[in-house]
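Here the structure comes first, spelled out in C-alpha cells, and everything after it is commentary.
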Amino acid sequence: MHTKILRILCILLLILLAFIVGISISVSKKPTIIDGAKQAVTVFMHQPKAADMRNVTFYQAGKSMSRKAVGDVCGEVFTFKDDLPYKYKRFIVEVAANQEGECVFSIPLFDFEGETISEEDFQKIWDIRCK
C-alpha cells in the first residue's frame, strides 16, 4: 500500500518537473535578430502567409554606448502586385539588440518601385548599409 502511494507520488513529481522544464524552455525562447526582422516585414505584406524571403542577412554597424548591437537586416521578400505573384523586392530593417537578446526593430524600408522612396535613394541606402 505504501509503495503504491510512493510510486504515484514519484510519477506525479516527474510530470510536474517535466511541465516546469517545458514551460521554462518555451518562455525563454526569443526570436533571433533575423527572425524578428522577418516578422516585422511580414506585418507589412499584403499576403503575409505567402511572404517568401531570401538572402536575409544582419549587417552589424557597431555597438552603441549601452552595449547594444546596432545594425540592419537586409534581404528580399516575394511580393504581389494587383493580387498576382510579382517578384522579389529588397527590404531593410534597422535593429538594436542588447546582450539579453531583446531586440527593437524599425519599420521596414521597402524597394517597391518608388512607392515609399525613389529607387535611386533606396539603392544609396542599400549600398551603405547592406554591404
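Start counting the sequence shown at 183; every next residue gets the next number (the numbering used here). Note that CB positions come from ideal geometry on N, CA and C, so glycine has one too. Here the structure is a predicted model, which is why all the values come from computation and not from measurement.
Would you say residue i and residue j are within 8 Å of each other, going by their C-beta atoms?
i: A232; j: P290; result: no
i: E282; j: D254; result: no
In chain order, what residues of the same chain lie with their CB nearer than 6 Å to the CB of residue i, ignoring the 5 residues before and after it?
i: D309; result: none
i: R189; result: none
Taking just the CA atoms, how far does residue j sit from residue i?
i: Q229; j: T185; result: 59 Å
i: V225; j: L191; result: 47 Å
i: K306; j: C256; result: 13 Å
Going by beta carbon distance, what residues of the same chain come within less than 8 Å of residue i, once the five residues before and after it are set aside?
i: R249; result: N280, Q281
Going by beta carbon distance, what residues of the same chain come within less than 7 Å of residue i, once the five residues before and after it are set aside?
i: T214; result: none
Determine which residues share a DSSP beta bridge with residue i and list them.
i: Q229; result: Looking at the DSSP assignment, Q229 forms no beta bridge with any residue, so it has no partner.
i: L188; result: Bridge partners of L188: none, in fact.
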